[in-house]
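Q: Starting off with a structure, shown below.
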Amino acid sequence: MGAHLNSGRVTAEIVRIAAMPGGVRPRAEALIEILRPLLRHDAAWLSLLDPEGRRHQPIIAPGHTGRLQRYLGGPEFTAILERVGLHRDRRPMRAFESPVPVEELPSWVDYFQPDGFAEGVALPLVTADGRYLGMLGAHAGSPDPLSDELCDLLATVAPLIAYAVDPLRTLAALAGMVHGATAGVVLTRSGRTELLPGLPGPHSFGVEPPALHLVGALLAPGRSIARFMVPSTDPERGLVQVTALACPPEPPGHHRALVLLGPPPETYGLTRREMQVLGLLVEGRSNAAIAGALRITPRTAIGHLEHIMAKMGAESRTAAAVRADRQGLYVPAELLRRCS
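Read left to right, the sequence shown gives residues 1 to 340 (the UniProt record's numbering).
Shown next, in the form of structure tokens:
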């Protein structure tokens with residue numbers, strides 16, 4: 001059956017796979033299987049780019065040896081992809097189309113050819129909004145390359161494939177489960193931020209970068225969620241609630257935390273100053289230390305604590321701190337230090 005007759009079925013199957021629940025890996029496995037008749041491969045791989053580690057992390061690589069899989073996930077192979085321009089392309093590239101002869105590429109001479117492959121094709125995965133995600137590749141022992149017609153079909157469905165394995169989609173779905181979250185970003189390993197599809201960034205709430213960088217400190221190892229309040233630069237908003245979720249340990253691996261913003265919940269009538277006091281209390285500060293951090297007298301600090309416990313219906317400092325931590329009704333002490 002020709003590519004023209006297969007195109008509708010292939011497109012429909014990719015759309016179905018894109019709608020599958022769960023993480024990236026099962027969708028990648030299903031994609032490779034549905035594309036098998038199209039690619040006619042003996043081995044394939046699908047990898048996502050870790051831009052901070054400058055490597056393509058293979059999600060799956062059926063048919064490839066462990067040695068070759070390790071190479072596919074290393075910086076040398078990423079350098080080869082960049083050398084031939086695949087990271088800038090939008091169409092599949094067959095081995096004979098490489099602007100650098102394959103006989104001059106270590107990936108081909110030292111890895112693919114010794115493993116018995118005579119031809120291959122690589123397809124850059126670029127989303128509809130222009131984000132380069134990674135690569136889909138296939139190799140065969142037969143020297144016969146894919147036809148132009150099949151390459152045209154691959155180019156047509158490439159954005160759908162990219163959509164199916166886009167790691168930000170999983171995080172956007174997770175964001176949708178947080179009540180009241182109407183803006184957000186993803187914090188990466190190096191502290192950069194990436195926008196989530198369908199959500200505005202923190203600027204829409206008037207939240208400054210120091211508040212976002214708190215997430216790394218608050219999401220200590222073993223803690224998967226943190227919720228707290230931050231002041232907005234928009235005086236009409238006052239305080240904004242931040243919910244930070246640790247990202248699932250999925251490829252490409254550089255996403256660290258999902259940072260979501262929304263309006264404050266029921267605050268028991270707590271003032272901004274009282275939430276600052278609560279932040280220091282959550283950190284375990286004594287009355288004297290709270291007074292010193294806020295540049296107030298110990299008596300004033302004690303007065304704030306008494307008002308807090310009365311408003312929250314807490315019988316002790318500890319109970320107030322636990323409730324504030326669980327409900328996110330505090331301004332973190334670290335934010336006070338960074339902004340002072």
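Glycine included, C-beta positions come from ideal geometry on N, C-alpha and C.
Alpha carbon to alpha carbon, how far is leucine 123 from proline 106? Give it in angstroms, no decimals.
A: Position 106 of the sequence shown, counted from the first residue, corresponds to residue 106. Position 123 of the sequence shown, counted from the first residue, corresponds to residue 123. If you take the alpha carbons of proline 106 and leucine 123, they lie about 19 Å apart.
Q: Verify whether the separation of the beta carbon atoms of aspartate 50 and proline 252 is less than 8 Å.
A: Translated into positions along the sequence shown, residue 50 becomes position 50. Translated into positions along the sequence shown, residue 252 becomes position 252. Result yes, Cβ atoms of aspartate 50 and proline 252 sit closer than 8 Å.
Q: With contact counted as at least three CB pairs below 8 Å, one residue from each stretch, are the region 277-284 and the region 316-335 in contact?
A: Segments in contact, yes.
Q: Name the residue from Arg317, Met135, Val259, Ile308 whose alpha carbon lies nearest to the alpha carbon of proline 273.
A: Taking the sequence shown and counting its residues from 1, one reaches residue 273 at position 273. In the sequence on display, residue 273 carries arginine and not proline. When each option's Cα is compared against that of arginine 273, the closest is Ile308.
Q: Counting along the chain, where does the beta strand (DSSP E) carrying arginine 55 start and finish?
A: The residue labelled residue 55 in the question sits at position 55 within the sequence shown. Here the beta strand (DSSP E) through arginine 55 covers 55-60.
Q: Just to confirm my understanding: we take alanine 217, look at its own chain, exclude 5 residues before and 5 after, and list those with CB closer than 7 Å. What are they?
A: Working through the sequence shown from its first residue, we reach residue 217 at position 217. Here the set comprises Glu334.
Q: Quickly, what does DSSP pair threonine 188 with across the bridge? List them, please.
A: Here residue 188 is taken as the residue at index 188 of the sequence shown, counted from 1. Answer by DSSP bridge pairing, in chain order: His255.
Q: Unbroken alpha helix (DSSP H) runs of length 4 or more, entirely within the region 14-47: which are they?
A: Runs found: 24-39.
Q: Taking 8 Å as the threshold, find out whether the region 254-268 comes into contact with the region 208-226 through three or more Cβ pairs.
A: With a cut-off of 8 Å, the region 208-226 and the region 254-268 count as touching, because enough Cβ pairs lie within range.
Q: Reducing DSSP to helix, strand and coil, say where arginine 70 ends up.
A: Position 70 of the sequence shown, counting from 1, holds the residue named residue 70. DSSP places arginine 70 in helix when its eight states are reduced to three.
Q: Measuring CA to CA, which of Ala181, Leu187, Leu212 is closest to leucine 199?
A: Against the sequence shown, residue 199 aligns to sequence position 199. The candidate whose alpha carbon is nearest that of leucine 199 is Ala181.
Q: I'd like to check one pair, glycine 262 with serine 232: are the Cβ atoms closer than 8 Å?
A: Residue 232 sits at position 232 when you count from the first residue of the sequence shown. Residue 262 sits at position 262 when you count from the first residue of the sequence shown. Cβ distance not < 8 Å, so serine 232 and glycine 262 don't count as in contact.
Q: Since leucine 146 contacts threonine 11 with CB under 8 Å, what's their CB separation in whole angstroms?
A: Taking the sequence shown and counting its residues from 1, the one referred to as residue 146 is at position 146. Taking the sequence shown and counting its residues from 1, the one referred to as residue 11 is at position 11. Not really, about 18 Å apart at Cβ, beyond 8 Å.
Q: For a quick check, are the C-beta atoms of leucine 39 and alanine 138 less than 8 Å apart?
A: Indexing the sequence shown from 1 puts residue 39 at position 39. Indexing the sequence shown from 1 puts residue 138 at position 138. In contact: leucine 39 and alanine 138 (Cβ atoms closer than 8 Å).
Q: Could you check what DSSP says for leucine 199 in three-state terms: helix, strand or coil?
A: Reading the sequence shown from its first residue, position 199 is the one you call residue 199. Coil, per DSSP.
Q: Per DSSP, what are the beta-bridge partners of histidine 213 in this structure?
A: As a working note, residue 213 is residue 213 in the sequence shown. Note: histidine 213 sits in no beta bridge, so no partner.
Q: Comparing alpha-carbon positions, which option in Leu187, Thr300, His87, Pro143 lies nearest proline 210?
A: For the purposes of this step, residue 210 is taken as the residue at position 210 of the sequence shown. Per the Cα distances, Leu187.
Q: Following the continuous alpha helix (DSSP H) through threonine 300, name the residue where it begins and the one where it ends.
A: Numbered from its first residue, the sequence shown carries residue 300 at position 300. Note, threonine 300: alpha helix (DSSP H), 298-312.
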